[in-house]
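J.: Residue numbers (the numbering used here): 3 to 362.
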Ligand SMILES: Cc1ncc(COP(=O)(O)O)c(C=O)c1O
């Protein structure tokens, strides 16, 4: 068997033990005689899987009882619309958006269809290479909520502080750093995340929403109504059953590794080593401000950018794949989510040193 080190930003690497277990259970899930894929979502066997997934999320993220956990479809992108549709109750109400990258821009663009969006801060003029600090946030007490993107997958920046929004609920897109570090859920009104980076495969989206934010708007399409989804335990219609099953296996893996605090320690080590390798070489450059650097997505460029195709080709031959930067920014990017082992980062650093020695 040949496994590569896959630095994809998403869908991304999954723990090998999760894939092995899914393979072992593929055709006969725990004596049921069928695959999870073939099972009714109303069956008792499947009900146990989805209940366990929610219980693990509650345990790993210490989710308080006054928050609902929803497993929805439509990706994080649908949440760009569902958040304002569910929270804005009257035309003209305001929502504050902190614009730290293209995903935040897309979220704000959807919100403009339902709310008056105020830009509380933007780092666009510096090509999103930094996260605005608390004192730069122009927050309005009249806002219905404040939206942030906790980790910017494309440019590789991440908040190292939690914005203080006073009594205004904070809504966070955590698609690319959920479960990578402990969080205090009670500081947020709503958290959402597409699964395909740190949680599992694509097709399922996690929403954690405080009770008082449910049921504010009466006339929503039922599939887009958090209240209705919560009442039906995310089973209003057929959920993405297999994706939720893999999510459950990933959560068990995180638990067995020691939980989110252990993930954080590993992520700190992996990111520190990779940034150190970049910063200590005149051959590589990282465009992001040091205090704003992401532990999950590490962007870098070669000082001589004409060598980038060669770097990618030779890295691929060495089993280090999907290192190209996002199409909007170019360059290189190593996504090092929870499931990227420390050996994978070490192998990348080794290759980078070797490449620099040969072409520098
Ligand atoms: C931070 C962030 N938000 C939202 C999205 C969009 O997610 P989805 O493809 O699940 O809609 C992505 C995708 O990479 C992302 O990185």
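Each residue gets a CB set at the ideal place from its N, CA and C atoms; glycine is no exception.
Return the Cβ separation of residue 87 and residue 222 in integer angstroms, given the expectation that the two are a contact with Cβ distance under 8 Å.
T.: Residue 87 to residue 222, Cβ: 6 Å. Contact.
J.: Which one of 18, 30, 65 has the shortest CA to CA distance from residue 210?
T.: It is 65 whose Cα lies nearest to the Cα of residue 210.
J.: What would DSSP say about residue 175, mapped onto helix, strand or coil?
T.: Note: residue 175 maps to strand in three-state DSSP.
J.: Do residue 162 and residue 349 have their C-beta atoms within less than 9 Å of each other?
T.: No, Cβ-Cβ distance for residue 162 and residue 349 is not below 9 Å.
J.: I'd like to check one pair, residue 167 with residue 130: are the Cβ atoms closer than 9 Å?
T.: Cβ distance not < 9 Å, so residue 130 and residue 167 don't count as in contact.
J.: Please determine whether the Cβ atom of residue 159 lies at a distance below 8 Å from any heavy atom of ligand 1.
T.: No, since every heavy atom of ligand 1 falls outside the 8 Å radius drawn around the Cβ of residue 159.
J.: For ligand 1, which residues have a Cβ under 6 Å from at least one heavy atom, in chain order?
T.: Going by the Cβ distance cut-off, the answer is 12, 77, 78, 79, 105, 151, 155, 175, 177, 178, 196.
J.: Look at residue 178 and residue 36 and say whether their C-beta atoms are less than 9 Å apart.
T.: Taking 9 Å as the Cβ cut-off, residue 178 and residue 36 do not qualify as a contacting pair.
J.: Going by DSSP, what residues sit across from residue 286 in a beta bridge?
T.: 304.
J.: If you run the structure through DSSP and keep just helix, strand and coil, what is residue 1?
T.: Residue coverage of the chain in this structure runs from 3 to 362, which leaves residue 1 outside it and unanswerable.
J.: For a test of the three-state rule: what should DSSP assign to residue 194, helix, strand or coil?
T.: If DSSP states are grouped into helix, strand and coil, residue 194 belongs with the strands.
J.: Between which two residues does the beta strand (DSSP E) holding residue 281 run?
T.: Not the beta strand (DSSP E): residue 281 falls in the alpha helix (DSSP H), residues 262 to 281.
J.: State yes or no: is the C-beta of residue 215 within less than 9 Å of the C-beta of residue 192?
T.: Against a cut-off of 9 Å, the Cβ pair of residue 192 and residue 215 comes out as a contact.
J.: According to DSSP, residue 96 sits in a beta bridge with which residue or residues?
T.: Its beta-bridge partners are 118, 145.
J.: Compute the beta-carbon to beta-carbon distance between residue 173 and residue 95, rounded to the nearest angstrom, for a pair I have assumed lies under 8 Å.
T.: Rounded, the Cβ-Cβ distance is 14 Å, inconsistent with contact.
J.: Report yes if the C-beta distance between residue 307 and residue 333 is below 9 Å; otherwise report no.
T.: Result yes, Cβ atoms of residue 307 and residue 333 sit closer than 9 Å.
J.: Name, in chain order, the residues that DSSP records as bridge partners for residue 150.
T.: Its beta-bridge partners are 174.
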